[in-house]
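*Asks:* Would you mind keeping the following structure in view while I ask a few things?
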Amino acid sequence: MENWQQLMNSGNQHFKKAAWMDAQYCYQRAVAMIESQWSHQVSDRELLFGWVAAMHNLAHLFECQDKTEAALHYLKNAHQEVQSLSDDRSVSDEVRSSAFQSLSLTIPPLLEFAKRHPICDDCISALEQTAEKIGMRQTSLH
6 MENWQQLMNS GNQHFKKAAW MDAQYCYQRA VAMIESQWSH QVSDRELLFG
56 WVAAMHNLAH LFECQDKTEA ALHYLKNAHQ EVQSLSDDRS VSDEVRSSAF
106 QSLSLTIPPL LEFAKRHPIC DDCISALEQT AEKIGMRQTS LH
């Protein structure tokens, strides 16, 4: 049985060959596998970062196919999950800290996406405020 890392690698190989359906299948299986493990190991940073990477791979995959709504869905989902986790007082400080660190991985792709494909001004403002809150420097889109 493949583990999620092998699925990600397989997805990357399919992506390089523009085998979109195969890449999507691998990335989505990796996401499902990570989510299953994560429900039992919520403090595992590797799972959190792997999940964010898989979600970003799916977003990139869909953007390459001009499916921008699907791409934005995966970018937003990853960002909203880590933002929610970073504020969740029911999880350990370690988990919140990892999620907070992950915000620096989810904000830049969303801001870059917004440069290529317009998203709402309020969304951009919220992202920029969060970036400022966590000490990220970025170029304003306004």
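Reading the sequence shown from the start, the letters are residues 6 to 147 in the working numbering.
Heads up, the beta-carbon is just placed ideally off N, CA and C, and yes, glycines get one too.
Inspect the beta-carbon positions of Tyr30 and Asn62 and report whether they are closer than 8 angstroms.
*Replies:* Not in contact: Tyr30 and Asn62 (Cβ atoms no closer than 8 angstroms).
*Asks:* Please tell me whether Ala76 and Glu86 are closer than 8 angstroms, where the distance is taken between their beta carbons.
*Replies:* no
*Asks:* Whole-angstrom Cβ separation of Ile39 and Gly55, contact assumed at under 8 angstroms?
*Replies:* 5 angstroms
*Asks:* According to DSSP, is Lys72 part of a helix, a strand, or is it coil?
*Replies:* coil
*Asks:* Note the first and the last residue of the continuous alpha helix (DSSP H) segment covering Pro7.
*Replies:* Checking the displayed sequence, the identity of residue 7 turns out to be Glu instead of Pro. Element bounds for Glu7: n/a, residue is neither H nor E.
*Asks:* My guess is that Ala64 and Leu80 are in contact by the Cβ rule of under 8 angstroms, so how many angstroms apart are they, rounded?
*Replies:* That belief holds up - the Cβ atoms of Ala64 and Leu80 are roughly 5 angstroms apart, short of 8 angstroms.
*Asks:* Spatial neighbours of His122 within its chain, please: C-beta separation below 6 angstroms, excluding the five flanking residues on both sides.
*Replies:* Thr73
*Asks:* Spatial neighbours of Pro114 within its chain, please: CB distance less than 8 angstroms, with the 5 preceding and 5 following residues excluded, ordered by chain position.
*Replies:* His61, Ala64, Leu80
*Asks:* Just to confirm before moving on: does the CB-CB distance between Phe20 and Leu66 stay below 8 angstroms?
*Replies:* yes
*Asks:* Counting contacts by CB-CB distance shorter than 8 angstroms, is Arg34 in contact with chain D?
*Replies:* Looking for chain D here will not work: only one protein chain is present.
*Asks:* Just to confirm my understanding: we take Leu52, look at its own chain, exclude 5 residues before and 5 after, and list those with CB closer than 7 angstroms. What are they?
*Replies:* Closer than 7 angstroms at Cβ, skipping near neighbours: Ile39, Gln42, Trp43, Gln46.
*Asks:* Is Pro114 helix, strand or coil when you go by DSSP?
*Replies:* Judged by DSSP in its simplified three-state form, Pro114 adopts helix.
*Asks:* Would you kindly work out how many angstroms separate the C-alpha atoms of Asp93 and Ile112, rounded to a whole number?
*Replies:* 19 angstroms
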